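Residue numbering for the sequence shown follows this note's numbering, starting at 22 and increasing by one per position.
Just so it is clear, CB atoms sit at the ideal spot from N, CA and C, and this is done for glycine as well.
Bear in mind that the values here come from a model prediction, so they are computed numbers and not experimental data.
Below you'll find the structure, written out as structure tokens, and then a few comments.
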Amino acid sequence: MTNHTKPRPDRVKARQLEQNRNLFGRLSAASLASRVQAQRMLKSAGDLSITEWRVLWDLAEAGPLTVTEMAAIQRTDHALISRAIPVMVRKGYVTTTISQADRRASLIELTDHGREVFTRTSVVMSARRAALSRTFSEEEVNTFIGLIDRFEAFVEAPLTENLKTEATP
Numbered sequence: 022m023t024n025h026t027k028p029r030p031d032r033v034k035a036r037q038l039e040q041n042r043n044l045f046g047r048l049s050a051a052s053l054a055s056r057v058q059a060q061r062m063l064k065s066a067g068d069l070s071i072t073e074w075r076v077l078w079d080l081a082e083a084g085p086l087t088v089t090e091m092a093a094i095q096r097t098d099h100a101l102i103s104r105a106i107p108v109m110v111r112k113g114y115v116t117t118t119i120s121q122a123d124r125r126a127s128l129i130e131l132t133d134h135g136r137e138v139f140t141r142t143s144v145v146m147s148a149r150r151a152a153l154s155r156t157f158s159e160e161e162v163n164t165f166i167g168l169i170d171r172f173e174a175f176v177e178a179p180l181t182e183n184l185k186t187e188a189t190p
């Protein structure tokens with residue numbers, strides 16, 4: 022067992038200050054907070070999951086899409102969308118048909134009911150985006166996106182390319 026000289030609250034505060042600069046943890050925490058906020062808003066507006074909302078939004082904006090196309094648009098896991106589609110079909114939000122271009126793929130299309138749900142829910146989600154645009158200028162958003170792009174490139178690169186010196190904990 023380690024014998025610490027600082028009182029416990031001081032150690033906790035010092036560790037929190039260190040972790041406030043940990044980009045891995047901060048981005049994860051910000052993403053989680055964003056999801057929780059979106060889930061609350063979607064629950065109040067139409068009882069949709071975030072995945073269901075994003076599927077409805079993609080279909081409303083881009084028309085019939087495959088799961089692969091939606092996963093690419095959303096930068097998310099193909100399986101996450103694939104699991105949501107049967108539920109959305111049962112709820113009457115979407116229909117699926119075999120793609121004529123690729124018989125192995127299904128095209129997902131918005132139903133009239135799905136469009137109604139999207140329209141009703143989009144009011145709340147548009148307000149959320151508007152509030153964000155009042156918080157950050159367009160220039161700040163562009164800078165932030167650029168930084169996220171760099172971070173994603175870093176975490177997507179093979180680890181050996183990122184290691185210039187010996188790893189530290």
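Reference residue i, options the options, closest by Cα
i: Val138; options: Val33, Ala50, Leu63, Gly46; result: Leu63
i: Ser143; options: Trp78, Val176, Ala122; result: Trp78
i: Val76; options: Thr181, Thr26, Thr117, Ser55; result: Thr117
i: Leu44; options: Val162, Gln60, Val176; result: Val176
i: His134; options: Ser103, Glu161, Gly67; result: Gly67
Residues near residue i in its chain [Cβ-Cβ closer than 6 angstroms; skip 5 each side]
i: Ala126; result: Thr87, Ser120
i: Leu38; result: none
i: Gln95; result: Arg75
C-beta neighbour in chain B for residue i, strict 7 angstroms
i: Ile166; result: No chain B appears in the structure shown, which is made up of a single protein chain.
Beta-carbon contacts of residue i that lie in its chain and below 7 angstroms, excluding the five residues immediately before and after
i: Leu168; result: none
i: Thr132; result: Gly113, Tyr114, Val115, Thr116
Cβ neighbours of residue i in the same chain (closer than 8 angstroms, five flanking residues each side left out)
i: Ala105; result: Ser70, Thr72, Glu73, Val76
i: His99; result: Val88, Thr89, Ala92
i: Leu128; result: Pro85, Leu86, Thr87, Thr117, Thr118, Ile119, Ser120
i: Val57; result: none
*Any contact of the region 98 to 111 with the region 64 to 76, i.e. 3+ C-beta pairs under 8 angstroms?*
yes
*Could I get the ranges of all uninterrupted alpha helix (DSSP H) runs contained in the region 40 to 85, with 4 residues as the minimum, in chain order?*
44 to 66, 71 to 83
_With three or more C-beta pairs closer than 8 angstroms as the rule, is the region 83 to 91 touching the region 151 to 167?_
no
*4 or more residues per run - each alpha helix (DSSP H) lying fully within the region 92 to 161*: 99 to 112, 133 to 156
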